[in-house]
Amino acid sequence: MLSPDAHRLTDGHIAKTLLKFALPYLGANFLVALYGAVDVFIVSYFASPSALAATATGAQAVFTMMALAIGLTLGGTILIGQYFGAKQEQDVIETIQTVFSLFAITAFLGSIFMLIFAKPITALLETPPEAFQAASHYIMICGGGLIFTFAYESISAILRGLGDSKNPLKFIATACLMNIILDLLFVAVFKWGAAGAAAATVISQAFSVLVAVLYLRHRKFIFDFSIKSFRFYPEKAKKILKLGIPSAIQQTVIFTSFTIMTAIVNKMGVIASAAVGVTTKIDGFMIMPSLAFASAVSVMTAQNIGARQLRRAKETFYTGFLMALCFGAPSFYVLYYHAPFVMRLVTDNSDIIQAGSDFILAYSPDCILLSLVFCLNAFLNGCGRTTFTMTNNLISTLLFRIPLISKATTLFQAGFALPLATIPQILMSLFYFYQGYWKKSIINHRKVKK
1 MLSPDAHRLT DGHIAKTLLK FALPYLGANF LVALYGAVDV FIVSYFASPS ALAATATGAQ
61 AVFTMMALAI GLTLGGTILI GQYFGAKQEQ DVIETIQTVF SLFAITAFLG SIFMLIFAKP
121 ITALLETPPE AFQAASHYIM ICGGGLIFTF AYESISAILR GLGDSKNPLK FIATACLMNI
181 ILDLLFVAVF KWGAAGAAAA TVISQAFSVL VAVLYLRHRK FIFDFSIKSF RFYPEKAKKI
241 LKLGIPSAIQ QTVIFTSFTI MTAIVNKMGV IASAAVGVTT KIDGFMIMPS LAFASAVSVM
301 TAQNIGARQL RRAKETFYTG FLMALCFGAP SFYVLYYHAP FVMRLVTDNS DIIQAGSDFI
361 LAYSPDCILL SLVFCLNAFL NGCGRTTFTM TNNLISTLLF RIPLISKATT LFQAGFALPL
421 ATIPQILMSL FYFYQGYWKK SIINHRKVKK
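Residue numbers in the sequence shown follow this note's numbering, run continuously in steps of one, and reach 450 at the last position.
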């Protein structure tokens, strides 16, 4: 048995099935956003503006590496989902073993990179001088613990491919709770500033992974995490990388564009840097429902494509978009009409409130646009068309987002560049979708023994 919590998403009412699978995703996304925001919020209240700028800048660099992890593991989710939908159990098992083996190596190399290049990365981000040392320490500490980030993402990717979105929620909830406790201890009590926030993040991630491994072993999961379970199947690895590398490039480029924005904003001073550090966390909360439904669309699409149910897969996209829009539209309203109020929820610094409000006001239309683009990308990714979504995102980022941000001289202009860059991406995705290029399966279907 693959997993006692595995669930097929190829049967039943589409809306109910999607909603049931998406809600734990939403909870997990909320906790992930809270997880990252806690560092910024606690540092904002218990440390100096320079420490806040260091945490925000350091987190931006670390999130770029997290984007790499998320992108690569998506290849595993898609492949597992399609094999699981096709009821090819042996292929699922081989893919799971390959995922863990592949990303253990990747995490090790990533940690070495972050430790060696922490200071050059900090310099590349145009970090304010008063925040430079603290930001580099933040990057080194989180970079050293990158193995735990990859471990969690790998476990979550595998379980979600099997239709299990509840257990990843439990694991991230464990990490979030510990992160809050340790942040308060290290930052508020011990006064360790940005370094304390980074240490809290790494320790909580490690604990979450430990809980996940113990739980899965107890539940007799097909992968028991012993040395002999780590096997490498070249054919599966090739497919995972073929799916995952474009997604990783896509995620990395997106986060890099925001890193470039951070560098540009840092030139505007500590207040602007701190303001964007806070607002990006707020934006993360507002768009998380769209991300949750998009993630659910991706997995549900993968399983239905594997089961050769193309019509059900297509209807999954339409349903997911409508659900995402039900959250995206209210988010736009709140950010557009009540930006100062939202900023006051997370900081009492009047200068940061004013600067952050300008950025939020300009960015707010993206809440609606992203509801569509997230679900479009998720659907196409679930079909295995990650190369197209990567290309589309590269065009949007390199030809629109980065050039527009680089010309910004105010936070309002930097924020407005984001929705402007989303529009051409939507148009290209819709063209690809309605042309039907997504219908060809990426796996070899085999006869299933009954």
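Where a beta carbon is used, it is the ideal one built from N, C-alpha and C, also for glycine. The structure displayed is predicted, hence computed values, not measured ones.
query, result
"Going by alpha carbons, who is nearest to Ala151 out of Gly328, Lys191, Ile70, Ala173?", "Ile70"
"Using three-state DSSP, classify Phe223 as helix, strand or coil.", "coil"
"With a CB to CB cut of under 7 Å and the five nearest residues on each side skipped, what residues in its chain are close to Phe132?", "Thr122"
"Using beta-carbon positions only, say whether Leu372 and Phe293 come within less than 8 Å of one another.", "no"
"If contacts are defined as beta-carbon pairs under 8 Å, then Gly76 and Thr106 qualify, I think. What distance do you get, rounded to the angstrom?", "Incorrect: roughly 12 Å between the Cβ atoms, too far for contact."
"Expressed to the nearest angstrom, what Euclidean distance is found between the alpha-carbon atoms of Arg308 and Gly85?", "8 Å"
"Specify the secondary structure class of Thr149 as computed by DSSP and reduced to three states.", "helix"
"Assign Thr10 to buried or exposed, taking buried as 16 or more other Cβ atoms, counted over all protein chains shown, within 10 Å of its Cβ.", "buried"
"Assuming Met432 and Phe388 are in contact, meaning their beta carbons sit under 8 Å apart, how far apart are those beta carbons, in whole angstroms?", "Here residue 432 turns out to be Tyr, not Met, going by the sequence shown. The Cβ separation is near 6 Å, so the contact holds."
"Tell me whether His13 is buried or exposed, calling it buried when 16 or more other Cβ atoms sit within 10 Å of its Cβ.", "exposed"
"With distances taken Cα to Cα, identify the nearest neighbour of Gly36 among Ser101, Ala198, Ser156, Gln97.", "Ala198"
"Can you tell me which of Phe341, Met288, Asp348 puts its alpha carbon nearest to the alpha carbon of Met519?", "Outside the shown range of the chain, which is 1 to 450, sits residue 519, and nothing can be said about it."
"Please work out which residues of its chain come closer than 6 Å, Cβ to Cβ, to Ser44, disregarding the five sequence neighbours upstream and downstream, and give them in chain order.", "Leu52, Thr347"
"Could you give the DSSP three-state label for Thr77: helix, strand or coil?", "helix"
"Could you work out which residue in Val92, Ser48, Asp366 is closest to Glu130 when comparing CA atoms only?", "Ser48"
"If you draw a straight line from the alpha carbon of Tyr336 to that of Leu361, how long is it in whole angstroms?", "5 Å"
"Enumerate in chain order the residues of its own chain whose CB-to-CB distance from Val342 is below 7 Å, with the five nearest sequence positions on each side excluded.", "Ile282, Val334, Leu335, Ile360"
"With respect to the alpha helix (DSSP H) encompassing Tyr45, which residues constitute its N-terminal and C-terminal limits?", "14–46"
"Determine, using beta carbons only, whether Leu146 and Thr259 come nearer to each other than 8 Å.", "no"
"I believe Gly501 touches Gln303 by the beta-carbon criterion, under 8 Å. Please report the beta-carbon distance rounded to the nearest angstrom.", "The structure shown does not extend to residue 501, since the chain is modelled only from 1 to 450, so the question has no answer here."
"Please look up how many angstroms separate the CB atoms of Val187 and Gly193, rounded, as I've assumed it's under 8 Å.", "7 Å"
"Answer yes or no: do Gln425 and Asn381 have a C-beta to C-beta separation smaller than 8 Å?", "no"
"Closest by CA to Ala417, which one among Leu398, Ser429, Leu430?", "Leu398"
"Given a cut-off of 8 Å on the beta-carbon distance, is the pair Asp358 and Thr410 in contact?", "yes"
"Assuming Thr319 and Leu18 make a contact with CB atoms under 8 Å, what is their CB distance in whole Å?", "6 Å"
"Could you check which residue in Phe21, Leu370, Asp351 has the C-alpha nearest to that of Phe327?", "Leu370"
"When you compare each of Ser208, Ala378, Leu177 to Val38 by their alpha carbons, which one comes out closest?", "Leu177"
"What whole-angstrom Cβ distance do Leu109 and Ser247 have, given they're in contact under 8 Å?", "Wrong, their Cβ atoms sit about 18 Å apart, outside the cutoff."
"Tell me whether Pro128 sits in a helix, a strand or coil according to DSSP, three-state version.", "coil"
"Could you tell me which of Lys119, Ala206, Ile254, Glu153 sits nearest to His137, measuring between CA atoms?", "Lys119"
"Measure the C-alpha to C-alpha separation of Thr422 and Val265 and round it to an integer number of angstroms.", "20 Å"
"When the Cα of Ala237 is compared with those of Ala275, Ile405, Gln97, Thr149, which residue comes out closest?", "Gln97"
"Can the beta-carbon of Ser257 be found closer than 8 Å to that of Ile402?", "yes"
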